[in-house]
Structures are given as C-alpha cells and as structure tokens.
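Data first, discussion second: the structure below is written as structure tokens.
Numbering (our numbering), first residue to last: 197 to 927.
Following this line, the structure appears as structure tokens:
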C-alpha cells in the first residue's frame with residue numbers, strides 16, 4: 197500500500213490522493229482498493245475516458261471519490277477494479293480479506309480511466325491509451341489523448357483515409373483482424389500526429405529518462421511520423437508529466453453502515469439520482485447485493501461464444517427474471533416487462549430474512565447443478581442460438597440465420613425461445629421434432645423481425661409470445677399458436693402475415709405509386725443478409741457482434757450494386773427523365789440494389805460500374821490478376837474470398853443467374869463493356885438518366901432481384917405453411 201493510502205483519512209473522513217497512487221493500487225495484484233460485488237462493471241466508452249484525461253492534463257477537477265472501510269463489511273464479496281475499461285469482461289468475485297482496505301462506492305468509472313493511463317501494455321489487453329507528443333494548438337498548448345480498442349483499433353472516429361494510409365504503411369490491403377489478441381500492438385490512433393503510449397511516457401518520466409523518448413515511439417509507426425520526433429518541445433513534456441504526477445483529487449469516507457445491504461442501498465440511491473445507470477443496471481446491482489454469485493454466473497453466459505453473445509449481461513438478467521416470475525405463482529403480475537429498482541424490491545424483498553420464491557426460481561435457472569457444466573438457462577440460451585443460427589456443417593443451404601442477422605433480432609425472440617425451452621425436456625429435441633421446432637422458431641423470429649414494430653401494441657408483441665411459450669409444454673415450438681394469439685388479440689393483426697411470393701412481386705412492380713421502399717414493415721435489408729449467409733460465414737467464421745458497436749465499426753458495408761455515385765447529378769449532364777427522382781427516392785435504397793460486402797472490397801470498387809465490379813460478364817469468365825485499365829485484382833482472388841469467376845461473384849452477391857435479369861442489369865449499367873475496360877471512362881457515363889429505357893431496366897433488375905431474395909427465403913422456410921391462418925381469424 198502506498199504511503200498516501202496509509203495516511204489517507206488520518207485527519208478525518210475527507211482526504212486527498214494522487215492519481216498515481218490510485219492507479220498503483222488498482223494495478224497491483226495486492227492493492228488495497230476493490231469493488232463491492234453489487235457494483236456494475238466497466239461502462240465508459242472511449243470518448244468519456246479521453247475526456248477525463250483531457251481534464252487531468254488541463255488541470256480541471258474530476259470530482260470526489262467515495263470509499264467505505266472494507267473491515268466494516270468483512271462478510272461481503274468483492275472484485276478487482278478492471279484497469280482496461282470499455283466493456284471488458286469483469287473479474288470473478290473474491291472474499292474481502294485483511295489486505296483489502298477500501299471498497300469503492302462511487303467513482304469506479306473515473307478510477308478505471310485513470311489507471312489505464314498508467315497500465316503497461318500487455319498483448320491480451322483490449323484497450324490502450326495514447327498521447328500525441330505534438331501539442332494541440334487549439335487548446336493553449338495542451339496534448340491530445342486517444343484510446344485505441346479492439347473495437348476501434350485505429351481510434352474512435354478515425355478517418356477512413358487515415359486508416360487506409362496506415363494499413364498501406366504496414367503493407368496490408370485489408371483491415372486488421374479484430375479477433376487476434378495482439379491487435380493493439382501494431383495499430384495506433386490514426387488521428388494523432390506522433391502518438392506514444394501514455395503509460396510508457398509516465399514511466400520514462402518517473403525514471404528521469406525522457407532524453408530517451410525515442411525508445412517509446414512504436415517501431416511500426418511510418419518513418420514520416422517518427423521523423424517528427426526532433427521537433428518535440430521537451431520542456432513542455434516535462435511540465436505535463438509533472439502536472440499529471442502531482443494531480444490530486446478528494447476522497448470521502450462513508451461512516452460504517454449496518455451491513456453490506458445498507459451499503460448497497462446507499463449505492464443504489466446515489467446512482468438513481470443521476471442518469472448514468474439504467475434501471476436494468478440498478479436491478480442487476482441489487483441482485484448482486486443479495487446474491488453476489490449472480491455476477492459470475494451471468495458473465496459466464498454472456499462471454500460464451502456458443503450463446504452467440506447476442507444478449508448483454510443485463511438483458512440476460514431480464515430474460516431469466518421473466519422466466520422466474522412466470523414460474524412464481526405468488527407474484528401479483530404474470531410478466532416482467534421491464535427491470536427496475538422498484539421491481540427488484542417487490543420481487544426480492546431484500547429487507548426480509550428469507551428468500552422469496554422468485555429468487556429461488558431465479559437461482560434454479562442460473563446456478564450450475566452438481567456434476568453439470570452449465571446452468572439450465574445457459575443451456576437453453578445456447579440451444580436457442582443453435583436452433584436459430586446458420587450451420588453449414590449441417591448443409592451448405594441450411595436455413596438458419598447468419599450470426600450478423602441474429603445480432604439484430606429483438607430480445608423478444610430470445611426471451612420467447614428460452615421460455616419455451618424452460619418448459620420442455622430438451623433431450624427430446626432431435627430428429628423430426630428438432631427440424632419442426634427449428635422451422636417454427638425461425639418463422640416466428642422472421643415475423644418478429646420483419647413485422648413487429650414499436651407501436652401502441654408493443655406490450656402485446658412483448659408479452660403474448662412469451663406467455664404462449666411459457667404454457668405450451670409442447671416439444672414443437674408453438675410458432676403458429678403465437679401467430680394466432682397475436683392476430684386475435686392485437687390491433688394491427690392484418691399486418692401479421694407473410695406476403696405470398698405473388699403478392700410480394702405484385703406490390704414490388706407498383707414502385708411508382710408506393711410511398712416507401714419496403715413491402716415488409718422493417719429490416720428488409722436482411723433479405724440480402726440471409727441470402728448471403730454462406731459467404732458471411734466463410735468470410736467471418738469467428739464473427740463476434742460485441743466487437744462492433746455501430747454500423748461504421750463493422751467489417752462489411754451495405755454496398756450499392758449500381759453505385760450511389762451514379763445518382764449524383766453534377767456538371768454538364770443531359771436533362772434527366774421525369775422518372776429519375778422517383779428512382780432516387782425508392783429504388784436506389786431498395787434491398788434489390790444492395791449487397792452485404794466486405795468493407796475493404798467495397799472501398800476498392802464501390803464507385804465502379806458493374807463491369808469493373810465483375811458482376812456483369814459470362815458466368816465462367818475468370819477474374820484476371822489485372823485488367824486493361826491497370827487495376828490490381830488480388831484483393832478479389834486472395835483468401836478468404838478466393839473468387840475465380842464472375843459467376844462466383846454474382847453468387848456471393850445473391851444476384852440470380854437469369855438471362856433476362858442480367859440483361860436488365862447490363863442496360864441499367866449504361867456503360868458498355870469495351871468502354872468500361874478502357875483506361876479512362878467518361879465521368880458522366882453512368883450518371884446519365886435521360887433515357888426511360890435505362891430507368892425501366894434498372895427498375896426491373898432491382899425489383900426482380902428483390903423478389904428473388906424474398907422467394908428463396910419464403911420457399912426455403914416454407915412460409916406458406918402459415919397462410920392457412922388467414923381465413924380462420926376474424927379481424
């Protein structure tokens with residue numbers, strides 16, 4: 197323990213401590229600072245961590261920390277402070293020992309952020325804090341702080357051009373593989389001018405060795421970046437490091453309360469007054485307060501790749517809690533729509549000495565039985581994922597959803613699937629029963645994904661499927677029964693149906709009079725996702741949805757087949773036909789003109805026409821190494837893509853091999869093959885929309901592909917088996 201911590205409250209309940217001492221206690225294996233079990237886990241994003249360090253560098257106050265004496269709560273469970281932050285999986289719980297002096301009640305996220313600046317890099321780390329050695333002239337000579345993570349290995353908000361330039365300097369043609377453990381050992385914040393590890397800089401300063409600053413400049417940085425080192429203002433760096441090491445912050449000690457339950461209640465009240473913790477977080481915190489083991493059990497489920505990582509820790513708690521409520525006859529209400537601090541107190545009754553039936557049922561779902569490897573709920577969530585997920589080992593045309601699509605499903609689907617599984621003997625799910633259940637669950641998931649929007653009847657959409665599943669006890673998933681109940685009891689039951697292929701095609705042809713691009717209520721882009729499932733699995737076999745927080749983070753793009761750039765009218769263009777604006781408004785953003793495409797492939801050819809993308813041409817024509825206009829095509833022919841022919845690219849793009857459809861794409865392309873392969877293509881060639889024949893061809897091509905995507909899905913999942921309900925329900 198540092199001297200500062202030994203004497204922290206020697207003069208009363210208010211003290212001060214340096215950020216260096218805080219970090220040392222967090223980073224030490226035997227540090228005196230720990231978290232009580234009820235504390236939530238690391239929650240700050242990159243921006244908040246960077247902003248806190250900007251405050252430290254500029255001398256701004258960062259608030260007061262709230263500690264409790266660990267000796268006052270010796271029977272409590274606690275855990276290490278995570279020193280990496282940014283959604284890191286938490287440490288397991290440990291008993292409160294004599295070496296633990298303080299429990300952090302308020303300030304965990306700030307302390308995590310502070311410790312990151314002092315943490316030496318380890319290959320397994322998921323984040324790394326950097327400082328730009330060139331001062332920021334816009335903030336009075338301050339320095340910029342950047343955080344790189346396995347989610348954003350080039351830093352959050354890094355410009356695409358800067359990433360491409362960085363990759364080129366490393367001799368790479370595609371983005372870094374985020375699944376490798378040492379990813380942050382060869383990337384850097386692309387926005388920075390001359391970045392170095394903040395921890396390495398502070399360590400060099402502490403050793404009075406800043407003269408050797410060149411030793412901490414990453415060797416993998418481009419020479420043009422490293423060459424800026426001689427221009428660095430060394431005295432300013434000395435002043436900066438001195439300011440950081442001398443920065444102190446106030447700490448307040450909480451007087452001893454009656455027990456860990458009261459301490460947890462104080463924590464809940466502090467956090468419920470702000471907006472930093474959601475009601476779901478407060479429920480989970482309360483649960484960990486009365487049952488600390490829930491922390492490890494829930495996180496073991498969340499980080500298991502076999503569950504697909506499709507539900508967050510709090511969503512898992514919500515799922516299990518709904519099942520526990522449904523199995524608790526004494527509970528006044530039959531469903532738990534939302535997790536709140538109030539519902540926690542009602543269901544758990546933390547002030548009463550005996551466990552409630554709800555808590556017993558919850559433990560029954562989450563506790564791992566003797567001689568078993570997983571809990572009942574863990575097994576059921578894993579089984580639900582297996583039922584829903586595309587499995588090429590079963591069949592290359594397996595009808596399951598690719599993991600990219602699973603990650604977009606509503607929690608309603610997972611809650612309903614696990615509710616049904618909790619009522620049956622899952623050992624009977626095999627053979628024909630497995631196949632029938634799987635199809636019914638997939639159909640229900642599609643219905644929810646394409647049609648159940650957030651309307652006034654969202655309560656019905658959330659509760660009815662779950663309630664039907666909980667009372668079903670059928671070894672076949674009750675998909676038709678759920679649809680029947682929804683149609684009978686919901687205000688918008690006419691919408692709850694799958695169009696036949698003929699209906700879909702008829703409405704698709706009426707694009708001029710339609711007010712929107714989707715026949716489905718939402719998520720129509722997933723028609724392409726599902727049809728491209730084999731290639732998504734081939735390209736991203738270890739895809740982990742928790743590594744991608746936004747669309748921009750993803751390793752793939754929604755690529756326009758006919759490039760969006762073709763619809764930009766600029767320069768001396770012929771007057772567009774009167775149908776042109778309708779084309780822009782509807783067909784350009786239609787799923788028929790979209791494919792899911794690896795991001796670096798899309799970045800390479802997104803503005804090209806269909807000949808240069810090798811979508812047009814004879815199916816058996818080979819993809820050459822280079823083409824007449826000098827473009828290197830190794831990015832198409834190398835692994836994991838390995839395209840050999842134009843037909844393979846069309847197949848991967850889910851474009852049907854239909855002569856009439858391909859002829860329409862060719863007319864819609866406008867540019868002829870011979871012109872396209874020339875070194876220079878007229879800039880306006882594919883932007884000319886003065887011919888109605890071209891607009892009609894584009895309309896026909898897009899609508900035909902769109903119908904094709906729907907038809908394959910409709911027939912593969914035998915969705916017509918649900919049409920019998922249409923005539924049996926009175927609306």
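For glycine and all other residues, C-beta sits at the position ideal for the given N, C-alpha and C.
- Separation of residue 750 and residue 443 (C-alpha to C-alpha, rounded to the nearest whole angstrom) is 38 Å.
- DSSP places residue 450 in no alpha helix (DSSP H) but in the uninterrupted beta strand (DSSP E) bounded by 444–450.
- For the options 522, 897, 498, 520, the alpha carbon positioned closest to that of residue 512 is the one of 498.
- Under the 10 Å beta carbon count, residue 612 is surrounded by 16 or more other beta carbons and is classified as buried.
- In this structure, DSSP gives residue 701 a helical state, which the three-state scheme calls helix.
- Secondary structure at residue 279: coil, using DSSP grouped into helix, strand and coil.
- Between the alpha carbons of residue 604 and residue 435 lies a distance of about 49 Å.
- A distance of 8 Å or more separates the beta carbons of residue 240 and residue 290.
- Out of 759, 614, 365, 683, the CA that lies nearest to the CA of residue 780 is found in 759.
- Check the Cα spacing between residue 437 and each of 384, 339, 352: the tightest is with 339.
- In the DSSP assignment, residue 344 is bridged to 324.
- Distance from the CA atom of residue 549 to the CA atom of residue 595, rounded to whole angstroms, is 51 Å.
- Looking at the DSSP output, residue 214 sits in a beta bridge with 444.
- Counting the other Cβ atoms within 10 Å of the Cβ of residue 366 gives fewer than 16, which makes it exposed.
- The C-alpha of residue 660 is placed about 12 Å away from the C-alpha of residue 675.
- The DSSP-derived three-state label of residue 512 is helix.
- Residue 571 sits buried, since 16 or more C-beta atoms from the chains shown fall within 10 Å of its C-beta.
- For residue 678, the enclosing alpha helix (DSSP H) has its first and last residue at 675–685.
- Separation of the CB atoms of residue 754 and residue 733 is rounded to 18 Å, and the pair is thereby denied contact status at 8 Å.
- Bridge partners of residue 794 according to DSSP: 752.
- For the pair residue 230 and residue 347, the Cα-to-Cα distance works out to about 27 Å.
- Straight-line spacing of the CA atoms in residue 591 and residue 271 works out to 54 Å.
- Taking every protein chain shown into account, the CB of residue 482 has 16 or more other CB atoms within 10 angstroms, so this residue is buried.
- By the CB criterion at 8 Å, residue 477 and residue 693 fall outside the cutoff.
- 867 is the residue among 627, 867, 899, 312 whose C-alpha sits nearest the C-alpha of residue 809.
- Boundaries of the beta strand (DSSP E) around residue 230: 229–232.
- About 18 Å separates the Cβ atoms of residue 541 and residue 531, ruling out a contact at the 8 Å cut-off.
- In the DSSP assignment, residue 302 falls within the unbroken beta strand (DSSP E) covering 298–302.
- Under DSSP, residue 273 takes part in a beta bridge, and its partners are 291.
- Relative to the Cα of residue 228, the nearest Cα in the group 258, 396, 295 belongs to 295.
- Note on residue 894: 16 or more other CB atoms within 10 angstroms of its CB, so buried under the neighbour-count rule.
- Sorting 742, 524, 209, 561 by C-alpha distance to the C-alpha of residue 508 places 742 at the top.
- Taking the Cα positions, residue 234 is about 9 Å away from residue 487.
- For the options 811, 841, 804, the alpha carbon positioned closest to that of residue 817 is the one of 841.
- Looking at the DSSP output, residue 392 bridges to 327.
- Beyond the five residues adjoining it in sequence on each side, residue 354 comes within less than 8 Å, by CB distance, of 348, 385, 386, 387 in the same chain, given in chain order.
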